[in-house]
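A short worksheet on the structure shown next.
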Amino acid sequence: MQKQFITISTSSFLKAVLILVIIGLVYLIWDILLLFFVALLLAALIMPLADWASAKKIPRGLTVFLVYLFALSLVVGVVALLVPPIINQITQVFGNFDLYKDKTIGFLSWAKDLAVHYKVWDPVSKIIPSTLADGVGTAQKVVGTVFGFLGGIGSLVLVLVMAFYIVAEENSFKKLVCYFTPPEYQPYFGSLWHRIKEKLGYWLRGQLLLDIIVGATSYIGLLIIGVPYALLLGLLAGIFETVPYAGPIFSAVLAIALTALQTGSWALTLFVLVLFVAIQQLENNFLVPQIMKRAIGLDPIISILSLLIGYRLLGVTGAILAIPLMAVLSVVWSEILAWRGKQVKK
Numbered sequence: 083m084q085k086q087f088i089t090i091s092t093s094s095f096l097k098a099v100l101i102l103v104i105i106g107l108v109y110l111i112w113d114i115l116l117l118f119f120v121a122l123l124l125a126a127l128i129m130p131l132a133d134w135a136s137a138k139k140i141p142r143g144l145t146v147f148l149v150y151l152f153a154l155s156l157v158v159g160v161v162a163l164l165v166p167p168i169i170n171q172i173t174q175v176f177g178n179f180d181l182y183k184d185k186t187i188g189f190l191s192w193a194k195d196l197a198v199h200y201k202v203w204d205p206v207s208k209i210i211p212s213t214l215a216d217g218v219g220t221a222q223k224v225v226g227t228v229f230g231f232l233g234g235i236g237s238l239v240l241v242l243v244m245a246f247y248i249v250a251e252e253n254s255f256k257k258l259v260c261y262f263t264p265p266e267y268q269p270y271f272g273s274l275w276h277r278i279k280e281k282l283g284y285w286l287r288g289q290l291l292l293d294i295i296v297g298a299t300s301y302i303g304l305l306i307i308g309v310p311y312a313l314l315l316g317l318l319a320g321i322f323e324t325v326p327y328a329g330p331i332f333s334a335v336l337a338i339a340l341t342a343l344q345t346g347s348w349a350l351t352l353f354v355l356v357l358f359v360a361i362q363q364l365e366n367n368f369l370v371p372q373i374m375k376r377a378i379g380l381d382p383i384i385s386i387l388s389l390l391i392g393y394r395l396l397g398v399t400g401a402i403l404a405i406p407l408m409a410v411l412s413v414v415w416s417e418i419l420a421w422r423g424k425q426v427k428k
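For the working numbering, add 82 to where a residue sits in the sequence shown, where the first one is 1.
Here it is as structure tokens:
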């Protein structure tokens, strides 16, 4: 039997080593890269306004500063208007905790008696612990991620500074990237950068619009049907809308449970269920196709796989950033295919 030898060239070996080094470096600084990607999202949101202002001879840095100032004023105004009633509603919710506990125990006892009567308690009792554990774990991750974002003041400042630099010094930023890009690929970088910032800007503007519409619709609907704590529940619905798939379900379950425990009215609880189902149908069949699909253009199965992979790697944060990251990768891949097509024609 003749022996076969595999020959590896020095260049191939060095490329393999370089790839391993890059993977190791990414693993070590993934949190910094994550912050940079968030800054890139923010920069993409501001970039169209900065481009327009630059055409009017207004400095890009001044435009970013004014946007930050407007955003800060808006946040302060919203906080001044919403925080007092929200704190009041949160205080009432926690003040009624014993009532909620007693009603929950009573409902669970009734449900157990019903399950025993129909002889389904044994199989149900086996899956309840794991189901509750999974639900509580997911809820903790969702809430922890939201408050982690809100509490990361240092990270927020770093993101704002990086976004300011990317927008205000866009030409310097492109030159810096081109410095590390091989000369033969540099002509394609301008087109790639333009498409990436356009795609990210579309996604973030679309996501913010979805959050506002869902939050406002939930608040108005809950207010009309007379649900307690409508403002708090509407605000939570808007915030959790950012978390794909799990967020809307979590906010709906929270609203339904709180309505049932607070009022004890099954009719009102049913109205809340119908309201959130209607909002989800409106979102899935009209809002998302009109707002997000045009912005991202990803196949639904790709989106779902991206969310699952992102959640597995980075939890809720990964799920939130999976779609825009996949959108960037799709732009890069399409540019690579276009470049290869031009090379073949040559």
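No residue lacks a Cβ here, since even glycine has one placed at the ideal position from N, Cα and C.
Just so you know, these numbers come straight off a predicted model, no measurement behind them.
Of Pro130, Pro310, Ile114, Ser333, the smallest CA-CA separation from Leu286 is found for Pro130.
Following the DSSP letters along the chain, one finds Ser136 inside the alpha helix (DSSP H) bounded by residues 112-137. Per the Cβ contact rule, the region 303-310 is not in contact with the region 381-395 (fewer than 3 Cβ pairs under 8 Å). In terms of CA proximity to Phe147, Ala132 leads the group Ala132, Val160, Val158. Cβ neighbours of Leu419 within its own chain (closer than 8 Å, five residues either side excluded): none.
Ranked by Cα distance from Leu115, the options Leu407, Trp415, Glu417 are led by Leu407. If you draw a straight line from the Cα of Leu282 to the Cα of Leu123, it comes to about 6 Å. Taking the CA atoms as reference points, Leu164 sits about 45 Å from Ile105. In its chain, beyond the 5 residues on either side, Val224, Val398, Ala401, Ile402 have a beta carbon closer than 7 Å to the beta carbon of Val325.
Cβ-Cβ separation between Val354 and Thr341: approximately 5 Å, consistent with a contact (criterion under 8 Å). Gly159 counts as exposed, since fewer than 16 other beta carbons sit within 10 angstroms of its beta carbon. Residue state for Pro406 is assigned as helix, using DSSP reduced to three classes.
In this structure, DSSP gives Tyr311 a state outside helix and strand, which the three-state scheme calls coil. By the 16-neighbour rule on beta-carbons within 10 angstroms, Tyr284 is buried.
Cβ-Cβ separation between Val296 and Ile378: approximately 18 Å, too far for a contact (criterion under 8 Å).
Going by C-alpha positions, Phe119 is about 46 Å away from Ala349. In this structure, the alpha-carbon of Ile321 lies about 10 Å from that of Leu290.
In this structure, the straight-line span from the alpha carbon of Ala162 to that of Ile373 is close to 30 Å. Residue environment: Gly288 is assigned as buried (16 or more neighbouring CB atoms within 10 Å of its CB, all protein chains considered). Nearest neighbour of Phe368 by Cα position, chosen from Ser385, Leu292, Leu242, Trp275, turns out to be Leu292. Rounded to the nearest whole angstrom, the C-alpha separation of Trp415 and Lys279 is 15 Å. The three-state secondary structure of Ile306, taken from DSSP, is helix. Ranking Trp134, Val410, Asp113 by CA distance to the CA of Leu274 puts Val410 first.
Where Val354 is concerned, the enclosing alpha helix (DSSP H) starts and stops at 348-364. Scanning its chain for C-beta atoms nearer than 7 Å, with the 5 sequence neighbours on each side dropped, one finds no residue around Pro371. In this structure, the straight-line span from the alpha carbon of Glu323 to that of Ala337 is close to 14 Å. The beta-carbon distance between Pro310 and Gln344, rounded to whole angstroms, is 5 Å. This is short enough to meet the 8 Å contact definition. The beta carbon of Gly272 is closer than 8 Å to those of Lys256 in its chain, skipping five residues each way along the sequence. Scanning its chain for C-beta atoms nearer than 6 Å, with the 5 sequence neighbours on each side dropped, one finds around Ala135 the residues Thr145, in chain order. In the three-state reduction of the DSSP assignment, Ile140 falls in the coil class. About 22 Å separates the Cβ atoms of Ile294 and Ala121, ruling out a contact at the 8 Å cut-off.
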